[in-house]
Structures are given as structure tokens and as C-alpha cells.
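Novice:
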Amino acid sequence: MEKATSVQHVYDLLIKMNHQWEQHQQRESMTFLEEIREHFDGMTSLNMTDVHVMDCIGQHEPINVTTLAQRMELSKGTVSKVSTKLLKEGWIRRTQLNDNKKEIYFRLTPLGKKLFLVHERLHAEVQQQLFQFLNRYSSEELNVLKRLLSDGVDLLEAMEWQGKSLD
């Protein structure tokens with residue numbers, strides 16, 4: 001197969017995979033949020049950003065707004081808005097460290113920890129499926145895939161800075 005034809009074929013597959021991934025993510029998010037609403041008696045108005053902020057807090061607590069924003073690659077304003085909502089709904093709580101009374105840190109409440117564990121379980125299931133899928137490839141093939149994905153991330157980051165889109 002001619003290189004130009006191969007390049008076009010890879011491009012077409014990447015676009016197809018991207019669209020399928022977006023659809024999969026939407027379905028997974030909706031399913032997850034429905035499960036959370038059932039698990040918590042419909043008492044939640046959470047979206048996936050809220051859930052991922054709680055996940056980051058759960059993994060790194062105690063954590064402050066600045067560190068949370070950096071880890072999640074969100075603005076401090078977005079983190080403040082989400083954390084205000086999570087505080088109001090009882091998912092997280094504010095705390096201070098003994099050596100720093102000025103800085104505010106976040107921790108999960110018992111309710112937040114329950115949600116964190118549900119989220120962790122679902123992520124573990126997805127990770128297991130992906131690992132099972134990737135284990136069919138040799139180390140050499142995985143190295144090529146790592147290089148391709150790493151270069152792809154670099155390309156997307158560069159395009160983001162330039163305000164361009166892939167499709």
C-alpha cells in the first residue's frame with residue numbers, strides 16, 4: 001500500500017475512533033450519572049466535572065484550590081464554582097492545616113467518600129477492559145502505540161494553542 005494511502009487510512013480511522021470515543025464517553029457519563037442518582041436516591045445534580053473534582057480531592061486530600069486547579073487543568077474560578085456547589089450539597093468540607101490557618105483545603109465528607117468509591121470502582125472496570133485489550137499487543141507494538149499517542153497528544157496541544165481543530 002502506498003504511504004499516502006496508508007496515511008489517509010490512518011487519518012480516517014483516527015477520526016472514526018474519535019467520534020466513537022465521544023459517543024462512548026457520553027453514554028458512559030449518562031449511565032454513571034444515572035447510577036449515582038439511583039445510588040444516592042436521586043438527590044444529586046452532579047455533572048462529570050463535579051465527579052472528577054471530587055475524585056481528585058479524594059485522591060489527594062487535603063488539597064487546596066490552586067493545587068486542585070493545576071491537577072485538573074481547570075481555572076481556579078471553575079474549581080471555586082464547583083467546590084462551592086459541592087460544599088453546599090454536602091459532598092466535600094473545608095478544612096485548615098494546623099500549621100497554616102490562612103489556607104483552605106478540601107476533604108470528602110462521608111457522603112463524598114461513598115461517591116468516590118463508586119467512581120473508583122467504575123474506573124477500575126474500564127481500566128481492566130482497556131488493559132485486557134492492550135495485552136493482545138507485543139511490547140514492540142505497544143512502544144509504537146505509545147509513540148503515536150504521545151505524538152498525537154503533542155499535536156493536539158499545539159493545535160489547541162493555535163486555535164485549530166482536527167476535523
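Residue numbers (full-length UniProt numbering): 1 to 167. All C-beta atoms, glycine included, are put in the ideal place defined by N, C-alpha and C.
Taking the runs of the alpha helix (DSSP H) that are 4 residues or longer, which of them lie wholly in the UniProt domain "HTH marR-type" (7-154)?
Specialist: Runs found: 48-60, 65-72, 76-88 and 110-134.
Novice: Between the Cα of ASP55 and the Cα atoms of GLN8, LYS114, TRP161 and THR44, which residue gives the shortest distance?
Specialist: Residue LYS114 is the option with its Cα nearest to ASP55.
Novice: Taking just the CA atoms, how far does LEU33 sit from LEU13?
Specialist: Whole-angstrom Cα-Cα distance: 30 Å.
Novice: Starting from the Cα of LEU49, find the closest Cα among ARG136, SER75, GLU2 and THR5 and give me that residue.
Specialist: Note that residue 49 is Thr in the sequence shown here, rather than Leu. Of ARG136, SER75, GLU2 and THR5, the residue nearest in Cα terms is SER75.
Novice: Roughly how many angstroms separate the alpha carbons of GLN23 and GLN129, rounded to a whole number?
Specialist: Rounded to whole angstroms, GLN23 to GLN129 spans 17 Å at the Cα level.
Novice: Are the CB atoms of ARG121 and THR109 within a distance shorter than 8 Å?
Specialist: No; because the gap between Cβ atoms is not below 8 Å, this pair is not in contact.
Novice: Please classify GLY163 as buried or exposed, where buried requires at least 16 neighbouring CB atoms within 10 angstroms.
Specialist: GLY163 should be labelled exposed.
Novice: Look up GLU157 in the DSSP assignment and say whether it is helix, strand or coil.
Specialist: Three-state result, GLU157: helix.
Novice: Drop a sphere of 10 angstroms on the beta-carbon of TRP161, count the other beta-carbons inside from all chains shown, and report buried for 16 or more, exposed for fewer.
Specialist: Exposed.
Novice: Beta carbon of VAL79, beta carbon of VAL65: below 8 Å?
Specialist: It is a contact, given that the beta carbons lie within the stated cut-off.
Novice: Leaving out five residues before and five after GLU28 in sequence, what residues of the same chain have Cβ atoms less than 6 Å from its Cβ?
Specialist: Cβ within range, chain order: n/a, list empty.
Novice: Output the distance between the C-alpha atoms of HIS123 and PHE116, rounded to the nearest integer angstrom.
Specialist: Roughly 10 Å separates the two Cα atoms.
Novice: If we count the other Cβ atoms within 10 Å of its Cβ and call it buried at 16 or more, is HIS119 buried or exposed?
Specialist: Classification of HIS119: buried, given that the 10 Å Cβ count is 16 or more.
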